[in-house]
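Heads up: the sequence shown begins at 1 in full-length UniProt numbering, then just goes up one per residue. What follows is one structure encoded as structure tokens, with my remarks underneath.
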Amino acid sequence: MLEPDQLRKIWQLSDETLYPEAVAFIRQFVKGEEGAPLPNSQVMGLLNIASSDSYAELGRFIRHQRDRNWQEKKRHIKLFYEYLEKIFMTMRNKRIKDEFSLLRAGLSRKEETQQMDEIMLLLARDFIQHLIAENGVLAAQESAARLGRK
Numbered sequence: 001m002l003e004p005d006q007l008r009k010i011w012q013l014s015d016e017t018l019y020p021e022a023v024a025f026i027r028q029f030v031k032g033e034e035g036a037p038l039p040n041s042q043v044m045g046l047l048n049i050a051s052s053d054s055y056a057e058l059g060r061f062i063r064h065q066r067d068r069n070w071q072e073k074k075r076h077i078k079l080f081y082e083y084l085e086k087i088f089m090t091m092r093n094k095r096i097k098d099e100f101s102l103l104r105a106g107l108s109r110k111e112e113t114q115q116m117d118e119i120m121l122l123l124a125r126d127f128i129q130h131l132i133a134e135n136g137v138l139a140a141q142e143s144a145a146r147l148g149r150k
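Set out below in structure tokens:
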């Protein structure tokens, strides 16, 4: 179980670090890969899995989506999950300890792994919520631009 000071730090990181990173990630992805926001089916899938009770379950979902045999016109979705997986791997393997300093001291290896999973679930949820919100903004802008061209 995370301590109140750890939760406060996670909430602060969500606002000050994860939010701008998630916004930059989805904007770069939309402008660079596809030119269109993620479809609603992917948004809903991400929202559903982000509310799961374990980081392992979230990781399985991301790997499953990454490994699917996507049609060529939907290949950008595969790339999205490849990039998202890399972001989360870096966050888990390096940033939680080295940059964010979120782990309590004196934990056994098993306790550290459990705490990392708990922290990652919270960080990943927030990151996903931020990128989905920005994806919605981009979708609304795209829709407004299309209506303006008609």
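Glycine included, every Cβ here is placed at the ideal spot set by N, Cα and C.
Counting only runs that start and end inside the segment 58-140, the alpha helix (DSSP H) elements of at least 4 residues fall at 75-90. Taken through DSSP and simplified to helix, strand or coil, leucine 2 comes out as coil. When Cβ pairs closer than 8 angstroms are counted between the two stretches, the segment 101-113 is seen not to touch the segment 55-69, the count staying below three. The C-beta distance from isoleucine 119 to isoleucine 49 rounds to 17 angstroms, too long to fall under 8 angstroms, and the pair is not in contact. Under the three-state reduction of DSSP output, leucine 38 falls in the coil class, being neither helix nor strand. Between alanine 22 and histidine 130, the beta carbon gap of about 4 angstroms places them in contact (Cβ cut-off 8 angstroms). If you draw a straight line from the Cα of aspartate 126 to the Cα of lysine 110, it comes to about 25 angstroms.
Out of Arg27, Leu7 and Gln12, the CA that lies nearest to the CA of glutamate 134 is found in Arg27. Excluding residues up to 5 positions away in sequence, Leu46 and Ala50 lie with their Cβ nearer than 6 angstroms to the Cβ of isoleucine 128 in the same chain.
For valine 23, the enclosing alpha helix (DSSP H) begins and ends at 19-29.
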